[in-house]
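Asker: Questions regarding the structure given below will be posed in turn.
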Amino acid sequence: MNIKTTLLAAALIAVAPAVALADGPKEMTTRTAAAGTSIAREVYEAFQRGELRRFDAVIAPNVLINSPGGFGMTGVDALKTWGGAFLKAFKPRIDLIDEYDGTKNGEGRAFITVNLNWKHVEPFFDIKPTGREGTSIETFLFTVKGGKIVRWDVADNTIDIAHYLTDRGWPSPHNVHPEVLVKGVAR
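Here it is, written out as C-alpha cells:
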C-alpha cells in the first residue's frame, strides 16, 4: 500500500463520525438481515438510502475491504466514512441489478451488482467537483462468517468512476496478489 493510500485510510477513520452525521441524524430502522432480509439486500438498502449506520448490524467491525479505490483497507468505520463521502460528493442513484445470497446459517458468500448513476457535485476528499456525470456498474462480493460480512470485495464491471478518480490523482492498487483458491498454470 503506498503512502497516499495509507494516509487516506487513516483520514477515513478519523473523519467517520463527521461524515456520517454531515446531513444530520437519519431515522434509524430496526430491520436487519436476521429479520428476514438477506444480508446482501440489507447492504444494498442501507447504501442506497444513505443509512450507513445500518452496516453495523451486518458487517464485522474489522471487515477487510478490497476495491479499485483501495486494497487491504480494514474496518466498518472506514467503509462507512468512504461510503458517506461518496454519497455526499456524487449524489448517486443506486439501482440494484442483481443479487445472490449463498449463505446458510450465517456462513458463505453473497453479492449484489449495482449501477451507480452519479454526478460529482461536492468535494470527494481532496478531489474537487467537476459536475461530470457517469454510470458505474459494480459488484460487491461478500464473505460472511458468524452472520456478518468479514470481507467486502468490489469488482468494477465498468470503469467509468475508476478512470474518473484515478485521472484526478486517486491512488489505484497495482500488482495485487491476494490469497488464491487454486493457483493457475504458469506460462
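Numbers in the working numbering are just positions in the sequence shown, counted from 1, shifted up by 51.
Backbone N, C-alpha and C define an ideal beta-carbon position, used for all residues, glycine too.
Everything numeric in this text was worked out from a predicted model, so none of it was measured.
So what does K170 bridge to, in DSSP terms?
Answerer: DSSP output for K170 lists E184 as bridge partner(s).
Asker: Using only CA atoms, which one of F193, I212, G182, A161 lies nearest to E173?
Answerer: The shortest C-alpha separation from E173 is found at G182.
Asker: Give, in chain order, every unbroken run of the beta strand (DSSP E) that is at least 3 residues long and sits entirely within the segment 195–230.
Answerer: Runs found: 199–207.
Asker: What is the residue span of the alpha helix (DSSP H) that L138 lies within?
Answerer: Taken as a continuous stretch (DSSP letters only), the alpha helix (DSSP H) holding L138 covers 127–141.
Asker: I'd like the list of long-range same chain contacts for V195, defined as Cβ closer than 8 Å, with 5 residues on each side in sequence excluded.
Answerer: For V195, where only same-chain residues beyond five positions count, the Cβ hits under 8 Å are I90, T154, G157, E158, G159, R160, A161, V201.
Asker: Which residue wins for smallest C-alpha separation from Q99, given the options F191, N117, D146?
Answerer: Closest by alpha carbon: D146.
Asker: Counting along the chain, where does the beta strand (DSSP E) carrying I116 start and finish?
Answerer: Unbroken beta strand (DSSP E) run through I116: 110–118.
Asker: Go ahead and label N226 buried or exposed: buried means 16 or more other beta carbons lie within 10 angstroms of its beta carbon, across all protein chains shown.
Answerer: Per the 10 Å Cβ criterion, exposed.
Asker: With H, G and I counted as helix, E and B as strand and the rest as coil, what does DSSP make of R104?
Answerer: Helix.
Asker: Quick check on this structure: which residue in G235, F193, I110 has the alpha carbon closest to the alpha carbon of D128?
Answerer: Selected option, being the one with the closest Cα: I110.
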